[in-house]
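First residue of the sequence shown: 440, per my numbering; consecutive thereafter.
Here a beta-carbon is modelled for each residue, glycine too, at the ideal position from N, C-alpha and C.
Encoded as structure tokens, the structure appears first; notes follow it.
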Amino acid sequence: MIVYQTKHKTVSGISAEKVISLSKDNWSKLPTWFKKQFQENKIMIGGSVVQVECRDRCLRDAKGTDMIFIDDKNKLSVMNEKEFLEVYEDPFANK
440 MIVYQTKHKT VSGISAEKVI SLSKDNWSKL PTWFKKQFQE NKIMIGGSVV QVECRDRCLR
500 DAKGTDMIFI DDKNKLSVMN EKEFLEVYED PFANK
């Protein structure tokens, strides 16, 4: 039997609720990668939902604490916060 492990990778992310808030109150505070994807029509922002075109070219809804993130290949994804924090960690968070 061969044992495999995941490759270390870094992603940039933001919660859907933060996107909704900043899109209404302070657009300039949104991350540059997010605004670029928005300009390329890969992200659409509604009243309480953010739609994201993911790597499989399907639209995924992100709401509340769902995390919207982009990997090193510029592919967007959506994952609920709990699952996201099981896979990724904030290297600057207090442990």
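By the criterion of at least three beta-carbon pairs nearer than 8 Å, the region 473–483 is not in contact with the region 523–531.
Residue environment analysis places Ile441 among the exposed positions, since fewer than 16 neighbouring C-beta atoms fall within 10 angstroms of its C-beta. Listed in chain order, the alpha helix (DSSP H) runs fully inside the region 453–510 are 455–464 and 471–478, counting runs of at least 4 residues. In chain order, Ser451 and Ile453 place their CB closer than 7 Å to the CB of Pro470, counting only its own chain and leaving out the 5 sequence neighbours on each side. For Val517, there is no enclosing alpha helix (DSSP H); the residue is found in the beta strand (DSSP E) stretching over Leu515 to Met518. Measuring C-alpha to C-alpha distances from Glu520 to each of Ser467, Ile484 and Lys457 identifies Lys457 as the nearest. For Met518, same chain residues with a beta-carbon under 8 Å away, outside a window of 5 residues either side, are Asp505, Met506, Phe508 and Val526 in chain order. For a cut-off of 8 Å, the C-beta gap from Arg494 to Lys514 is around 4 Å, short enough to register as a contact.
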